[in-house]
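Note sheet for the following structure.
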Amino acid sequence: MVYGGFHETLPSRKVKFQDRFQGKSTRGRRRVSTLSPGRVRRKIHSPFNTPPQSGGKKGNARLTFSPRSSTFRSMGDPFQEVLQNLIPLKPVEGQSKLMPLDRAVRTFVEPGMTLHLGIACIPPNAVVYELVRQFRGRDPRFTLVALGLTTVSSLLVHAGLLRKAVTTYLGDSYPSPGPNPVFQEAYRKGTLEIQHWSLLSFVERLKAGALGMGFLPTRSLLGSSMEKDNRADFAAADDPFRPGGKLGLVGAVHADLPVYHALAADPQGNALFAPPYAENLYGALGSERGVIVTAEKIVSTDFLRANAGYVRLPGCRVLAVCEVPWGGHPSGASAHGIAGVEGYGVDNPFVAVLRQACKKKKTLDAWMEDWVFSCPDHRAYLGRLGPERMRNLKDKARPDAWKEDCDSLPPRGKVPEPANALERMVIAAMREIMSRVRENRYRTLLAGIGASNLAAWMGTYFLRQEGYEVDVMAEVGFFGYLPRPADPFIFNLSNIPTCKMLTDISEILGVLAGGRNQRCLGALSAAQVDRWGNLNSTLIPPHLLITGSGGANDVASGASEVLVLVPQSPFRVVPEVPYITAPGQRVRTLVTTLGRFEKVGGDRDFTLTA
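As numbered in the numbering used here, the sequence shown has no gaps in its residue numbers, which increase by one up to the final residue, 1049.
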């Protein structure tokens, strides 16, 4: 029989097993291949059944392995030959799936598909550019499943490639979070359908798909407008194991074709990702057809073996592998803790220019002509970036690069007096956070994007001065980090080397901020808040898109207590929000530019207390 190219003889008479290793006669034996049943071959190639060579001693035949024919030749000790030729690992294994990015998109992306741009390490921004190059003017009517659509993703909408977005956030994030005019215009005109989810419920849908299950339970979305809007994919149910308990059920989501950008991959597609893992690889593992992997660097399988703890995607699920250095630009790439692969910092000036261009159709058209259509491929795009800019971005990936950022700030003179209203609000919220942490002995602090983040960061440093250690978390997978000065962006890559643990959204939002033993205080900002503490950051019916939940709903649904920061105005602080992004049951404190509001005793609504 044949097993991977090795042959075993079928004796025509009874032969004891040990005869094969004692040089006894093999006359009369037939060799039959399972590749061609019934065919008799004359030559015997079995490593365990080879007759001695002329003049040789019985039982002492030499064997050699021929990789081309996958057979052994009679020359020596069979066992030693197997150890030398069969057992050793190959430096590079598996069928190569390497191909250029433009070819991978032409081969595997079809109009009408549900695409998933996954984020488990680095956003696949080079793929966004390539999709726009190949499908502009063709009305492909893609459905896009993505954790968030940020500034770069607006190109897909502006070019008319998307029919529907399944996501948790649509907007800009740098230098501060806010609505993006491209998304707002598409929503207002009705050219883009949007299905809103929270971060955790979005990941749970992907995970259900990867597990081959129709749904997974969640504590998120209950009591929010998303519970009603997503009836086709969400259901509220009684908890069968906790009398009186309620839970949500999120339906599985499967993309036709996911795309992920890895830090490194081998030619077969086994892919390495550096934490934090954000949504993780559930979207790739639950896809219908397979996944396209783009990677900063193509490496050997031996390199992956040496870093196996970071390999998150097996090559058997991969359709194509594309080497795309700087494939996440203008986003950054962290390679913290992984030798042999370089990272790079976020290109903040690039993002700021693109955000400004998004304000008008004419300026965005001009930007796309310069950076997308005038660059026929990714290599041309990198040429336009230029080596000096790329060197500077690589330098920003150093753990201590924040020190140079501090040195580049304008001279710090005397702090102007008095502080403005927003600064006073942040300071008041910081003091309230510190008080709540001490009073209720909270052990973790999850800060959302915006002013709440600054208040939580400052409070953490002052609490540590008092000897009270609280671990700060960020929803994409940061745990126990201490924010670096200079850049206040919540997911600043300079904070990664300070983390005690790097994980993913499921563990941060599902367990550490909302699980059984959590002692977590959430600090959130929002576009609107009402007298019951309900938050709205999603939309104002019928046509005004804001951004989306992000992780706000998950924090408000799972943390022990939530504090909210919102500047006071008739538009921001309202009697009742028109859309509930996050329910207010766990929101106990509201800090505004005019005062502090609390839910006193068992009250459901706020009272001005300071």
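Yeah, the Cβ is synthetic: ideal placement off N, Cα and C, and Gly gets one too.
Alpha carbon to alpha carbon, how far is residue i from residue j?
i	j	result
N564	L556	9 Å
G729	G629	31 Å
L1080	D578	A question about residue 1080 goes unanswered here, because the residues of the chain that appear run from 440 up to 1049.
Y721	G748	17 Å
L743	P562	21 Å
V780	G953	35 Å
V950	L583	28 Å
Q967	A704	44 Å
L963	M552	36 Å
G1041	V1026	12 Å
G462	P517	Caution applies to G462, whose pLDDT of 42 falls short of 50 and renders its modelled position unreliable; the model cannot decide the point.
H484	P527	Summary for H484: the model assigns pLDDT 39, below 50, so the residue's position carries little reliability; its value from the coordinates is reported in the next sentence. Rounded to whole angstroms, H484 to P527 spans 21 Å at the Cα level.
I731	L758	6 Å
P715	V915	7 Å
A723	A649	8 Å
N709	G684	42 Å
Y699	F641	17 Å
K529	G776	25 Å
G782	V591	20 Å
P849	P924	14 Å
L554	K800	25 Å
P980	L586	23 Å
I985	S770	22 Å
I888	S612	9 Å
R658	N719	20 Å
L941	Q519	44 Å
R602	R580	5 Å
P857	V567	46 Å
I558	V521	43 Å
N488	G533	With a pLDDT of 41 at N488, under the threshold of 50, the modelled position of that residue is not reliable, and the figure given next carries that caveat. Going by the C-alpha atoms only, they are around 30 Å apart.
How about residue i and residue j: are their beta carbons less than 8 Å apart?
i	j	result
H982	L803	no
C959	Y907	no
R545	V811	no
V1005	L1029	yes
F622	S593	yes
D809	D541	no
A965	V1003	yes
T977	Y1018	yes
K939	V760	no
L600	L570	yes
G690	F654	yes
G1023	G972	yes
For the beta strand (DSSP E) holding residue i, just list the boundary residues, first then last.
i	result
Q634	E632 to H635
D910	D910 to A913
T883	T883 to A886
Y699	L696 to A701
H555	T553 to L556
E762	V757 to E762
L1029	V1026 to V1030
Kindly indicate the opening and closing residues of the alpha helix (DSSP H) around residue i.
i	result
E520	P517 to N524
F574	N564 to F574
K842	A840 to D846
F680	Element bounds for F680: n/a, residue is neither H nor E.
A723	Y721 to L724
I866	A860 to N879
A894	A890 to Q904
K790	According to the sequence shown, residue 790 is Val rather than Lys. N787 to A796 is the span of the alpha helix (DSSP H), which, as asked, contains V790.
W806	K800 to M807
D834	P826 to D834
E666	S664 to D668
H597	S593 to H597
A392	This structure gives no information on residue 392, because the portion of the chain shown stretches from 440 to 1049.
Who pairs with residue i in a beta bridge, going by DSSP?
i	result
T1046	E1037
G989	S637
Q967	N975
P656	L688
P603	The sequence shown places Lys at residue 603, rather than the Pro named in the question. Paired residues: T582 and E632.
I737	A704
G617	D611
G961	L885 and V1001
I561	H700
L711	A703 and V750
Y783	A772
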